[in-house]
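So the sequence shown is numbered by our numbering: it starts at 31 and just counts up by one.
Ideal Cβ placement from N, Cα and C applies to all residues, glycine included.
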Amino acid sequence: MMTLLPSRHFSGWARLPTALRAIISGLLMALIPANVWPLLLLNLGVPLAAVVEVAFLALYVWWASGGGPPRRTQAARATAFRRGIPTPTQWSWGLIAALFFAISIHASIVLLFRIVPYPMATFRQGYDFSFIPSLPLKWIAVVVSATSAGICEETGFRGYMQRPLELRHGAPVAVLISSLFFTAVHLTKGWAMAGMVPIVFGAGVLLGLLAWSSGSLIFGMIGHIVMDIGLFAYWWTGVAGNFTARPISETGLDQPFLIACAVLATSLLIVLLSILKLRRKTPSTARS
Numbered sequence: 031m032m033t034l035l036p037s038r039h040f041s042g043w044a045r046l047p048t049a050l051r052a053i054i055s056g057l058l059m060a061l062i063p064a065n066v067w068p069l070l071l072l073n074l075g076v077p078l079a080a081v082v083e084v085a086f087l088a089l090y091v092w093w094a095s096g097g098g099p100p101r102r103t104q105a106a107r108a109t110a111f112r113r114g115i116p117t118p119t120q121w122s123w124g125l126i127a128a129l130f131f132a133i134s135i136h137a138s139i140v141l142l143f144r145i146v147p148y149p150m151a152t153f154r155q156g157y158d159f160s161f162i163p164s165l166p167l168k169w170i171a172v173v174v175s176a177t178s179a180g181i182c183e184e185t186g187f188r189g190y191m192q193r194p195l196e197l198r199h200g201a202p203v204a205v206l207i208s209s210l211f212f213t214a215v216h217l218t219k220g221w222a223m224a225g226m227v228p229i230v231f232g233a234g235v236l237l238g239l240l241a242w243s244s245g246s247l248i249f250g251m252i253g254h255i256v257m258d259i260g261l262f263a264y265w266w267t268g269v270a271g272n273f274t275a276r277p278i279s280e281t282g283l284d285q286p287f288l289i290a291c292a293v294l295a296t297s298l299l300i301v302l303l304s305i306l307k308l309r310r311k312t313p314s315t316a317r318s
């Protein structure tokens, strides 16, 4: 079981149940680093903040994957991070899964807001980029925001939280717990309306299965980043435009709604098939 705190200094930490240690470690590794970027953005401005954040994320990944002190936790950190080099076959199926994961989430949101009206003001609460002076800088902020969230949240939830739980309790329990906490920490957001809860939970489950089946966090990070670029650029800030489609209660079952249904069904099927392929192509030692 990985541990973030040296037991010789925190003797009580080692006495905690494995599940509790995994949950605490995962939350710390996800939430604290992810909140560095907003502070940098507000205090340094986009260009300098982006450079500092990229350097910070590089150091974060290096340490989280087993680099640096303390030496006694390096192996545990590498295990929690699922450090390893995917094979070419894993890269192929992993990238397919990552791309269609992002598509499936956005298709789900489109369908949600064809069923209920899109509450733009509420959905964008806390994502005001109006202080950023130009469109190119806003896009930089979008990409860095998505990258920070994707790397930090996958490391915390699908790495440091889920991986130890997999080793102790098996994949189903681990994926369920990491997905529940992933959902819970997002309930504080303005966009966390009732209809979004199953979408967020479903995203957590798919990302958890992707990490487990591939034995790597890389593909989940890629999928998460691609998903979040769309979320930040379109749904949360309007940098890429605004969603203006009316609910089907006003338009009826029109062609765009049926297309969105087909896109969701197809992309979700591709994600699940890719996860199944990854599970078969990944050595059992990487998942156990």
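Query	Result
Quick check on this structure: which residue in A270, Q192, R112, H254 has the alpha carbon closest to the alpha carbon of L165?	A270
Can the beta-carbon of S55 be found closer than 7 Å to that of Y190?	yes
Write down the C-beta distance between G225 and L288 rounded to the nearest angstrom, noting that I regard them as a contact closer than 8 Å.	Between L288 and G225 the Cβ distance is about 19 Å, and since that is not below 8 Å, they are no contact.
Determine, using beta carbons only, whether G124 and F262 come nearer to each other than 7 Å.	no
Which of the three DSSP states, helix, strand or coil, is assigned to I115?	coil
In whole angstroms, what is the alpha-carbon distance linking N65 and E184?	14 Å
Does the Cβ of M257 have 16 or more other Cβ atoms within 10 Å, making it buried, or fewer, making it exposed?	buried
Cα separation between G260 and R45?	42 Å
Between A108, L74, G75, V76, which lies nearest to Y90 when the distance is taken from Cα to Cα?	A108
With hydrogens ignored, establish whether the beta-carbon of T267 is closer than 6 Å to any heavy atom of the ligand SAH.	In the structure on display, the ligand SAH does not appear, and there are no ligands present to speak of.
Report the rounded CA-to-CA distance for S37 versus G180, giving the unit in angstroms.	Here the model assigns S37 a pLDDT of 46, short of 50, so the residue's position is not dependable and the matter cannot be decided.
My output table needs one value for K219: the three-state DSSP class, helix, strand or coil.	coil
Taking DSSP as the reference, what is the three-state secondary structure of Q155?	coil
Candidates W265, S246, H254, V140: which alpha carbon is nearest L308's?	S246
Grouping DSSP H, G and I as helix and E and B as strand, with all else coil, what is I162?	coil
Given 8 Å as the limit, is there contact between the stretch 220 to 238 and the stretch 99 to 117, that is, 3 or more CB pairs closer than that?	no
Span of the alpha helix (DSSP H) holding E83?	76 to 94
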